[in-house]
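Under numbering that gives the first Met the number 0, the first residue of the sequence shown is numbered 0, with each subsequent residue one higher. Where is the CB? At the ideal position from N, CA and C, for every residue including glycine. Predicted, not measured: the structure shown is a model, and the values here were computed from it. What follows is a set of notes on a single structure, which appears directly below.
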Amino acid sequence: MNQFILDDELWWDSEFSCGFCGTHVCEHAGPGPAPDDVREALLTAHGPVRLRLAGPVSRLVPAAKALREVAATSLSRALGLAGELSQEGLVGTLPEMEFLRVRLRLRGVHTEIDR
């Protein structure tokens, strides 16, 4: 299982290999958020990272706009996520947080990743 950024999109894939016959197959690959089982396996294998604001921000609206675009969520949920970003931070896989960090930077919101 893997997650990566390709052509300015977050992608994931899931592979299968058979130790007995040597067959190697990509079960699925595509853009967008990874399914829960794939995401959990990635978090278990590599550990979570935390994305936080790099300093104080006077308004959370730019962060909320970026979060709304990335997460395709409601404005109220995006504002809640922006609030989390300004406090304890958001937790996810490294590629998820790197992807989000780039999107936030485009809106002038500077963040840092804690591993």
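Specify the secondary structure class of residue i as computed by DSSP and reduced to three states.
| i | result |
| --- | --- |
| Leu-59 | coil |
| Arg-114 | coil |
| Pro-32 | coil |
| Val-101 | helix |
| Val-69 | helix |
Let's see if you can read the secondary structure: which residues bound the beta strand (DSSP E) around residue i?
| i | result |
| --- | --- |
| Ser-16 | 8-16 |
| Val-90 | 89-91 |
| Arg-51 | 48-52 |
| Gln-2 | 1-5 |
Starting from residue i, trace the alpha helix (DSSP H) both ways and give me its first and last residue.
| i | result |
| --- | --- |
| Val-37 | 35-45 |
| Gly-82 | 74-85 |
Write down the C-beta distance between residue i and residue j rounded to the nearest angstrom, noting that I regard them as a contact closer than 8 Å.
| i | j | result |
| --- | --- | --- |
| Glu-111 | Ala-53 | 5 Å |
| Pro-55 | Arg-106 | That belief does not hold up - the Cβ atoms of Pro-55 and Arg-106 are roughly 16 Å apart, past 8 Å. |
Closer than 7 Å by C-beta to residue i: which residues in its own chain qualify, once you throw out the five before and the five after it? Chain order, please.
| i | result |
| --- | --- |
| Arg-114 | Val-48 |
| Gly-82 | Leu-59 |
Just the Cα atoms here: how many angstroms apart are residue i and residue j?
| i | j | result |
| --- | --- | --- |
| Ser-73 | Cys-17 | 42 Å |
| Arg-100 | Val-24 | 32 Å |
| Phe-15 | Thr-22 | 8 Å |
| Arg-58 | Arg-67 | 15 Å |
| Glu-39 | Asp-6 | 24 Å |
Less than 8 Å between C-beta atoms, sequence neighbours within five positions excluded: which residues of the same chain meet that for residue i?
| i | result |
| --- | --- |
| Glu-97 | Ile-4 and Ile-112 |
| Ala-77 | Ala-63, Lys-64, Leu-66, Arg-67 and Ala-70 |
So, for residue i: in the same chain, excluding its five sequence neighbours on each side, which residues have a beta-carbon less than 6 Å away from its beta-carbon?
| i | result |
| --- | --- |
| Ala-65 | Arg-102, Leu-103 and Arg-106 |
| Gly-31 | none |
| Leu-80 | Leu-66 |
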